[in-house]
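Enquirer: When we follow UniProt numbering, the leftmost residue of the sequence shown carries the number 1, and every step to the right adds one.
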Amino acid sequence: MRIVAAFFLLGVGVLQMQPSLGGREFYLMVLAGGLGLAAAGALLARRASPAACRPWLRAALLAVLAFVAGFGWAGLRAEARLGDALAGAREGVDVVVRGRIASLPQAVGEGWRFVFEVEADGVGADGFGADEGKGGGGKAGEERAGIAGVGETGVPQHLLLSWYPARRAPAVLPALTPGERWQFVVRLKRPHGFVNPSGFDYEAWLFERGVRATGYVRADARLLEREPAGFMQRVHRLRAQLREQILGALADAPHAAILVALGVGDQQGIRAQDWAAFRRTGIGHLVSISGLHVALVGLLCGGGLGAGWRRVPALALRLPAQKARAVAALAGASAYALLAGMGIPVLRAWLMLAVVVLAMLSGRAVAPSRVLAIALFIVLVVDPWAVLSAGFWLSFGAVAVILACTGGRLRAMSGWRAALRIQLALGVALSPLLLALFQSFPLVSPLANLFAVPLVSFVITPLVLAALVLPTPVLLVPAHAVTAVMMAGVERLAALEHALWEQAPPPPWLLGAGLVAVGLVLSPRATPGRLAAPALLLALLSWQPPRPAAGAFRAVVLDAGQGLAVHVQTRSRDLLFDAGPAYGGDADAGSRVVLPYLRAAGVRRLDVLLLSHEDIDHVGGAASVLQGIAVGEVIAGQPAGATPWGQTLRPDTAMRGCAAGQTWSWDGVRFEILHPASAGDGGGRLAHDNNRSCVLRVRTAGGALLLTGDIEAVAERAILVRHGAEALAAEVVVSAHHGSRSSSSAAFVEASRATEVIHAAGYRNAFGHPHALVRARWAEAGARNWRTDLQGAIEVRFAGTADEEVGVGAWRSLRPRYWHGR
Numbered sequence: 001m002r003i004v005a006a007f008f009l010l011g012v013g014v015l016q017m018q019p020s021l022g023g024r025e026f027y028l029m030v031l032a033g034g035l036g037l038a039a040a041g042a043l044l045a046r047r048a049s050p051a052a053c054r055p056w057l058r059a060a061l062l063a064v065l066a067f068v069a070g071f072g073w074a075g076l077r078a079e080a081r082l083g084d085a086l087a088g089a090r091e092g093v094d095v096v097v098r099g100r101i102a103s104l105p106q107a108v109g110e111g112w113r114f115v116f117e118v119e120a121d122g123v124g125a126d127g128f129g130a131d132e133g134k135g136g137g138g139k140a141g142e143e144r145a146g147i148a149g150v151g152e153t154g155v156p157q158h159l160l161l162s163w164y165p166a167r168r169a170p171a172v173l174p175a176l177t178p179g180e181r182w183q184f185v186v187r188l189k190r191p192h193g194f195v196n197p198s199g200f201d202y203e204a205w206l207f208e209r210g211v212r213a214t215g216y217v218r219a220d221a222r223l224l225e226r227e228p229a230g231f232m233q234r235v236h237r238l239r240a241q242l243r244e245q246i247l248g249a250l251a252d253a254p255h256a257a258i259l260v261a262l263g264v265g266d267q268q269g270i271r272a273q274d275w276a277a278f279r280r281t282g283i284g285h286l287v288s289i290s291g292l293h294v295a296l297v298g299l300l301c302g303g304g305l306g307a308g309w310r311r312v313p314a315l316a317l318r319l320p321a322q323k324a325r326a327v328a329a330l331a332g333a334s335a336y337a338l339l340a341g342m343g344i345p346v347l348r349a350w351l352m353l354a355v356v357v358l359a360m361l362s363g364r365a366v367a368p369s370r371v372l373a374i375a376l377f378i379v380l381v382v383d384p385w386a387v388l389s390a391g392f393w394l395s396f397g398a399v400a401v402i403l404a405c406t407g408g409r410l411r412a413m414s415g416w417r418a419a420l421r422i423q424l425a426l427g428v429a430l431s432p433l434l435l436a437l438f439q440s441f442p443l444v445s446p447l448a449n450l451f452a453v454p455l456v457s458f459v460i461t462p463l464v465l466a467a468l469v470l471p472t473p474v475l476l477v478p479a480h481a482v483t484a485v486m487m488a489g490v491e492r493l494a495a496l497e498h499a500l501w502e503q504a505p506p507p508p509w510l511l512g513a514g515l516v517a518v519g520l521v522l523s524p525r526a527t528p529g530r531l532a533a534p535a536l537l538l539a540l541l542s543w544q545p546p547r548p549a550a551g552a553f554r555a556v557v558l559d560a561g562q563g564l565a566v567h568v569q570t571r572s573r574d575l576l577f578d579a580g581p582a583y584g585g586d587a588d589a590g591s592r593v594v595l596p597y598l599r600a601a602g603v604r605r606l607d608v609l610l611l612s613h614e615d616i617d618h619v620g621g622a623a624s625v626l627q628g629i630a631v632g633e634v635i636a637g638q639p640a641g642a643t644p645w646g647q648t649l650r651p652d653t654a655m656r657g658c659a660a661g662q663t664w665s666w667d668g669v670r671f672e673i674l675h676p677a678s679a680g681d682g683g684g685r686l687a688h689d690n691n692r693s694c695v696l697r698v699r700t701a702g703g704a705l706l707l708t709g710d711i712e713a714v715a716e717r718a719i720l721v722r723h724g725a726e727a728l729a730a731e732v733v734v735s736a737h738h739g740s741r742s743s744s745s746a747a748f749v750e751a752s753r754a755t756e757v758i759h760a761a762g763y764r765n766a767f768g769h770p771h772a773l774v775r776a777r778w779a780e781a782g783a784r785n786w787r788t789d790l791q792g793a794i795e796v797r798f799a800g801t802a803d804e805e806v807g808v809g810a811w812r813s814l815r816p817r818y819w820h821g822r
């Protein structure tokens, strides 16, 4: 089973890396070919000589068959899911949908976000009938709404919807409950997320969950039925009720959301500062209901029932107490797993427990590694997209490490020494995976887990669950008090300067070497090559991505939505031009896009943060950047004043205004500011924020890059008059104002003589950026148009010599996946 699980995993993983799919018939042929190969291989293995070769042939045959099965099965599942897509004619227009709320609704500001399961006959082509918005209904109303079947109308079964109060007539929205049946007028779009180097793949996240369109409720919502219809809808309703019970009992307690996460698996309310502390200390797995919690609940249920079972002879004669305890453990773990939402770590733990219980009931002994392999296989059969989740790798990886430790040299150890050794082993063994997934790993994790694991597992979680079962939630108060004590210790550790090791993700070959080193560290002392493990780990931890050569530079226009953020890197220096937009609430491009990208690029310090002007789509992420990374100097198109980012400036960060004539050189690359005429200068139409944008030209022997902020035609003319056309010459231009028709005047386009123009804009933005006339103007001038909204981050490489061409690439093309744009 171990060979089957490993190679089935490999087949599934290879499929998920494909840029496109081969079609349903192709994957059926793959599976049929695998069966034919298995039959031929079995015949060959029987006739193999000498007989000693037969086990090896059988193992090889099993591996090939498992790989083909994993690849073909994942392909069939992917084709089916891609078929449940939003039709192009349905994107961006009003559609009537009828169905049920299929998830825990999440409060977002004054609105809601939730998964909506569309009924098979619950899609309409047009708006409501004349009286439906006034509460009319019934069959006639449904006919006026044009209700039809999902397949006929091109609307997928699962939608991720947002519902906010109308701006013109704001009103308090009704409280939403899982399982309720509603009819909405919605506006939908295909799943779309940012695509940046080492960035979070939002489209993959939606695809794994079966959500094939996102959108928002427009108007005329009508509640059709309050009672849930299916089993999982009832489970989600119970989860919502328990969530409200916890939050109601604790009022505004700072760590109430952590208890909600432990009780019902809903992490949405956990504060950003708490997540930051979890990341720096490595205890995030404790608030994501994991195998440890499931096993604990099973242990408590089994132990409680077993103690009473023995005292009733009639019951003990029918079923031995040991088996009764195992059944009770599985039943209790099943209930808790459902409450937790059955995520991958929970499903893995539940499956392992189920295999152990079934083996016990049948009187068979199953090796722990075989139990893990069976769980792995079943998870992949149920959810082939699990391999796209970090939780999958960390969950199975952690259990594998624990099994390796407890089954080998650590088996004879007990007590706190064993716990410490296991935590140290986990810290070392998981570091390559953590670097690959998160570009960091916590150095204080063994110490943090040493006190947090027992508190969460044996005190906080039992108190929370007991409080949910008892008539009154009185035990939530001591549970929160213990949580507060634990968080005080966690925050102290997180505040340590070197609590977290941050590093760019290693290339695949070096990650493989690191995993080999982990295997050697966990192997018996007599294992050949074990002494090479420290050298391999040292190579892994000392790796840094290559930087441009002297005289060359690289620029990456990040895919951050309707805003701008550009990273410029020379041999030894880094500049960030703008920090992207704010997204609402606590979210902004600085924390969501810029900082993860900089970590992945190996950047630990920005020499210059240049903020072109004060529009929120350019400085919305500046405060997060200033808080998250050291910055040597801020150059701003307008004074910091009382701006949010101005309040986060560190004492050692220099600050100056942006003015034409400022120049500097880094590693043979020249930086020139062309606009505004002086810091804070401007009059007439030039006084507009957009027209006071800082304009930066970066040039070397291999070419020039022009960054224009949001300047409009009047500022473009002023630059031409002040500096002349030669000063604007650049092979690559980031278009002004995201490609607005108010910018990129004909004279400016002609003066630049650009061969490439990059438009930084949001997908299906309300402004129509980049405008078709602007794209056409640049194309007529000989420039190739690039768009972050359709192509992801755009990377540009300038050589240090004039005989090399400028290289341009888009990340949706450099790392395509079959679900992108689908």
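We put the CB at the ideal spot given by N, CA and C, even for glycine. In this text the structure is predicted, and so the values were computed from the model without any measurement.
Just tell me which of L37, L610, L434 and E244 has its CA closest to the CA of L476.
Expert: Of the listed residues, the one whose Cα sits closest to L476 is E244.
Enquirer: Looking at L86: is its Cβ nearer than 8 Å to the Cβ of R190?
Expert: Yes, these two residues count as a Cβ contact at 8 Å.
Enquirer: How is the alpha helix (DSSP H) around R604 delimited, first residue to last?
Expert: Premise fails: R604 is in no alpha helix (DSSP H) and is neither H nor E.
Enquirer: Using beta carbons (cut-off 8 Å, strictly below), is L223 in contact with chain B?
Expert: Looking for chain B here will not work: only one protein chain is present.
Enquirer: Is it the case that the stretch 181–190 contacts the stretch 59–76, given that we only count it when at least three CB pairs across the two stretches are under 8 Å?
Expert: The stretch 59–76 vs the stretch 181–190: no contact.
Enquirer: Which residues in the same chain have their Cβ closer than 6 Å to the Cβ of S735, if we skip the five residues on either side of it in sequence?
Expert: Once the five neighbours on either side are set aside, the close Cβ partners of S735 are S744, V757 and H759.
Enquirer: Going by DSSP in three states, S440 sits in which element: helix, strand or coil?
Expert: Here S440 sits in strand by DSSP.
Enquirer: Quick test of your reading: G154 and R90, contact by CB under 8 Å. State the CB separation rounded to the nearest angstrom.
Expert: Going by Cβ atoms, the distance from G154 to R90 rounds to 5 Å, so yes, they are a contact pair.
Enquirer: Short of 6 Å in beta carbon distance, which residues of its chain neighbour R370, apart from the five on each side in sequence? Order them along the chain.
Expert: Excluding residues within five positions, the ones whose Cβ falls inside 6 Å are M1.
Enquirer: Looking at C-alpha atoms only, which residue of P478, Y583 and L435 is the closest neighbour of Q544?
Expert: For the residues P478, Y583 and L435, the minimum Cα distance to Q544 belongs to L435.
Enquirer: Which first and last residues belong to the alpha helix (DSSP H) in which Q569 is found?
Expert: Looking at the DSSP string, Q569 is not in any alpha helix (DSSP H); the run it does join, the beta strand (DSSP E), is V566 to Q569.
Enquirer: Secondary structure at H737, three-state DSSP: helix, strand or coil?
Expert: Helix.
Enquirer: Helix, strand or coil for L475 per DSSP?
Expert: Coil at L475, not helix or strand.
Enquirer: Rounded to whole angstroms, what's the CA-CA distance from L520 to D789? Just pull it up for me.
Expert: C-alpha separation (whole angstroms): 45 Å.
Enquirer: Does the count of Cβ pairs from the stretch 476–486 and the stretch 459–468 closer than 8 Å reach three?
Expert: Contact holds: three or more Cβ-Cβ distances are below 8 Å.
Enquirer: On a CA-only basis, which of V721, R699, S813 and S612 is nearest F798? Give me that one, please.
Expert: It is R699 whose Cα lies nearest to the Cα of F798.
Enquirer: For V211, I'd like the list of residues in its chain whose CB is within less than 6 Å of its CB, leaving aside the five on either flank, ordered along the chain.
Expert: The answer, listed in chain order, is H158 and L160.
Enquirer: Taking just the CA atoms, how far does D652 sit from L292?
Expert: Taking the straight line from one Cα to the other gives about 45 Å.
Enquirer: For R753 and V14, what's the separation of their Cα atoms in angstroms?
Expert: Their Cα atoms are separated by approximately 44 Å.
Enquirer: Can you grab the Cα-Cα spacing for the pair L299 / A549, in whole Å?
Expert: One C-alpha to the other measures close to 59 Å.
Enquirer: For A324, which of A335, R310 and S334 has the nearest alpha-carbon?
Expert: The candidate whose alpha carbon is nearest that of A324 is R310.
Enquirer: Using the C-alpha atoms, what's the distance from V381 back to E152?
Expert: At E152, the pLDDT of 49 sits below 50, so the modelled position is not reliable; the number obtained from the coordinates is stated separately. If you take the alpha carbons of E152 and V381, they lie about 29 Å apart.
Enquirer: Excluding the 5 residues preceding and the 5 following R280 in the sequence, name in chain order all residues of the same chain whose CB lies nearer than 7 Å to its CB.
Expert: Answer for R280: P442, A494, A499 and L500, listed in chain order.
Enquirer: Look at the alpha carbon of A822 and the alpha carbon of A526, and state the distance between them as a whole number of angstroms.
Expert: Before going further, note that residue 822 is Arg rather than Ala in the sequence given. Cα-Cα distance, rounded: 52 Å.
Enquirer: For a quick check, are the C-beta atoms of L558 and V593 less than 8 Å apart?
Expert: For L558 and V593, yes; Cβs fall inside 8 Å.
Enquirer: Under DSSP, the alpha helix (DSSP H) around T406 begins and ends at which residues?
Expert: Segment A390 to T406, the alpha helix (DSSP H) holding T406.
Enquirer: Restricting to runs no shorter than 3 residues, where is the beta strand (DSSP E) found entirely within the stretch 154–225?
Expert: Whole beta strand (DSSP E) segments, 3+ residues: 158–163, 181–189 and 213–225.
Enquirer: W509 to F114, Cα distance in whole Å?
Expert: Approximately 40 Å, taken between the alpha carbons.
Enquirer: Note the first and the last residue of the continuous beta strand (DSSP E) segment covering T700.
Expert: Run containing T700: V695 to T700, per the beta strand (DSSP E) assignment.
Enquirer: What does the Cβ neighbour count give for L814, buried or exposed, with the cut at 16 atoms within 10 Å?
Expert: When all chains shown are included, L814 counts as exposed.
Enquirer: Could you check what DSSP says for D574 in three-state terms: helix, strand or coil?
Expert: Strand at D574.
Enquirer: For the stretch 247–263 against the stretch 193–210, are there 3 or more C-beta pairs whose distance is under 8 Å?
Expert: Not touching, per the Cβ criterion.
Enquirer: Compute the Euclidean distance between the alpha carbons of G682 and G563, then round it to the nearest angstrom.
Expert: Its pLDDT being 46, under 50, G682 is placed unreliably in this model, and the coordinates cannot settle the point.
Enquirer: Is it a yes or a no for the stretch 765–777 touching the stretch 566–575, going by three-plus beta-carbon pairs under 8 Å?
Expert: The stretch 765–777 vs the stretch 566–575: no contact.
Enquirer: Distance, Cα to Cα, T472 vs P478?
Expert: Looking at the two C-alpha atoms, the distance is approximately 13 Å.
Enquirer: Assuming Q106 is part of the beta strand (DSSP E), what are its boundary residues?
Expert: It spans Q106 to V108 - the beta strand (DSSP E) in which Q106 sits, taken as one unbroken run.
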